[in-house]
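Numbering (the working numbering), first residue to last: 523 to 647.
This is how it looks when you write it as structure tokens:
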């Protein structure tokens, strides 16, 4: 069964990926050897923990069934399974890209359908 997962990156990185046809991930992804994704339940925690107050970000929305065998769900903080992509991300697999503006308090504003109550734990990038 397919699910929607999300990846946050700078707009510049997404534009470069569009020109190349694949997204290879950001510095943390390259260091860890996989592209970090968040679920609707962990996205707010990811933003608050790793990207708080950072302008110029976009949210990539992807259906899990488009990612093949490279997508692995692995336990992270709090015992929660997070989606990790052990492959490059074909830009054609991204079903939508959303701007992540900051509100007056410096918190990222998520698209309504991506906003879920976060569990009592930190999210992963």
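Where a beta carbon is used, it is the ideal one built from N, C-alpha and C, also for glycine. These figures come from a predicted structure and were not determined experimentally.
Just to confirm before moving on: does the CB-CB distance between residue i and residue j stay below 8 Å?
i	j	result
residue 526	residue 622	no
residue 573	residue 619	no
residue 561	residue 605	yes
residue 585	residue 617	yes
residue 636	residue 528	yes
residue 628	residue 575	yes
Residue i and residue j look like a contact to me (Cβ under 8 Å); what is the Cβ gap, rounded to whole Å?
i	j	result
residue 601	residue 532	Not quite, the Cβ-Cβ distance comes to about 30 Å (not below 8 Å), so this is no contact.
residue 569	residue 630	5 Å
residue 558	residue 550	7 Å
Taking the DSSP output, what are the residues bridged to residue i?
i	result
residue 630	624
residue 560	528
residue 572	Note: residue 572 sits in no beta bridge, so no partner.
residue 605	595
residue 618	583
residue 544	612
- prompt: Using 8 Å as the Cβ pair cut-off and three pairs as the minimum, do the region 609-629 and the region 534-548 touch?
  reply: Taking a cut-off of 8 Å for Cβ pairs, the region 609-629 and the region 534-548 touch, as three or more such pairs fall below it.
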